[in-house]
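Peer 1: So that you can map any letter, position 261 of the sequence shown is 260 in numbering that gives the first Met the number 0, and since no number is skipped, the others follow by simple counting.
Ideal placement from N, C-alpha and C gives every residue a C-beta, glycine not left out.
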Amino acid sequence: MEARRRWIDTGHPQVSTVRQCLLAGVSRSSYYYAPSATETSENLAWMRRIDRIYLKWPFYGSPRMTDELREMGYRVNHKRVARLMRVMGLQAVVPGPHTSRPHPGHKVYPYLSRGMEIQAVNPVWCADITYIPLWQGYMYLVAVMDWFSRYVLAWEVANDLSVAFRVEALERALSAGTPGIFNTDQGGQFTSPAFTGALEGRQVRISRDGRGRAMDNLFVERLWRTVKYEDIYLKDYEDGLALRNGLGRYFRYYNAERRHSGLAKRAPATVYFG
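(1) Counting Cβ pairs closer than 8 Å, one from the stretch 241-257 and one from the stretch 149-156, do we hit at least three?
(2) Please name the residue or residues paired with residue 155 in a DSSP beta bridge.
(3) Taking DSSP's pairing of strands, which residues face residue 134 in a bridge?
(4) Mind the definition here: the stretch 130-137 touches the stretch 159-174 only if three or more C-beta pairs lie below 8 Å; say whether that holds.
(5) To the nearest angstrom, how far is the alpha carbon of residue 61 from that of residue 51?
(6) For residue 113, does the three-state DSSP call read helix, strand or coil?
(7) Is the stretch 112-131 close to the stretch 173-186, with three or more CB pairs under 8 Å?
(8) Can you find the residues in the same chain that come closer than 8 Å, C-beta to C-beta, to residue 197, ignoring five residues on each side of it along the sequence?
(9) For residue 26, which residues of its own chain have a beta-carbon under 6 Å away from its beta-carbon, when the five flanking residues on both sides are left out?
(10) Suppose only complete runs of 3+ residues qualify. What are the beta strand (DSSP E) ranges in the stretch 172-201, listed by chain order?
(11) Answer yes or no: do residue 87 and residue 239 have a C-beta to C-beta separation smaller than 8 Å?
(12) What are the boundary residues of the beta strand (DSSP E) that residue 149 is part of?
So this is what it looks like as structure tokens:
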């Protein structure tokens with residue numbers, strides 16, 4: 000089964016991942032939701048530490064992350080921290096010399112939301128990806144959020160950073176509405192033609208964060224902190240299917256019941272649909 004899973008190329012331009020799973024005799028759920036476990040248990044422990052520090056200081060690059068770990072009493076070298084942050088998808092989203100490097104073959108978009116006073120739903124949506132630790136391994140979570148209401152329009156999990164699961168979440172969000180501007184970071188994770196094409200086909204203006212992207216996309220950074228401290232770290236999910244089911248419950252609560260002080264103590268769904 001593992002050999003057949005390796006046949007699947009999520010970036011294939013003509014054959015969808017679903018079709019490849021069918022041809023390989025691999026169930027879609029077992030492919031998407033099997034946690035990645037390519038790192039040693041020691042590295043997985045380092046990744047958990049890095050994840051918690053990054054939630055507090057999302058502007059930390061690998062040098063400052065290394066310094067912070069050392070100040071906490073851990074002996075670790077900069078090269079290991081830098082490599083693990085790249086695996087976690089963090090290297091591309093922090094300010095500094097390596098901030099949000101776009102894919103060399105992808106278009107670079109400007110940041111359009113600076114200085115905007117947003118007073119209604121749908122003028123600006125945002126999206127981001129975060130690393131999710133599991134018992135033995137890890138996965139990635141992508142979410143699409145309305146900037147004004149904090150309503151999570153769609154989300155998806157996968158065991159790699161391929162384009163497929165990001166596009167799936169985007170298409171699901173767009174089935175519910177259309178934003179004026181869609182904001183993400185400049186990294187190649189969101190600049191692929193498959194992703195940008197879905198937006199441009201609906202005349203959505205594409206915006207990419209600049210050096211201060213931790214502030215540019217502040218609401219989605221807060222979302223990751225909330226999800227992890229209120230659900231991920233408490234539940235410590237065993238595998239991808241348990242994670243997906245648990246996140247389904249949590250996001251229903253987050254959207255419909257969790258009140259935000261910035262929304263006058265209202266829940267995101269109340270504001271988005273109100």
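Peer 2: Judging by the given coordinates:
(1) With the rule of 3 Cβ pairs closer than 8 Å, the stretch 241-257 counts as touching the stretch 149-156.
(2) According to DSSP, residue 155 bridges with 141.
(3) Beta-bridge analysis with DSSP links residue 134 to no other residue.
(4) No, they do not touch.
(5) Looking at the backbone, the Cα of residue 61 and that of residue 51 are separated by about 14 Å.
(6) The answer is coil: DSSP assigns residue 113 none of H, G, I, E or B.
(7) With three or more CB-CB distances shorter than 8 Å, the stretch 112-131 counts as touching the stretch 173-186.
(8) Non-local beta-carbon contacts of residue 197 in its own chain, meaning distances under 8 Å to residues more than five positions away in sequence, involve 166, 169, 170 and 173 in chain order.
(9) Confidence at residue 26 is low in this model, with a pLDDT of 49, below 50, so the placement of that residue is unreliable and no value is reported for it.
(10) Secondary structure remark: continuous beta strand (DSSP E) runs of at least 3 residues inside the stretch 172-201, in chain order: 180-183.
(11) No, Cβ-Cβ distance for residue 87 and residue 239 is not below 8 Å.
(12) First-last for residue 149: undefined, no H or E at that position.
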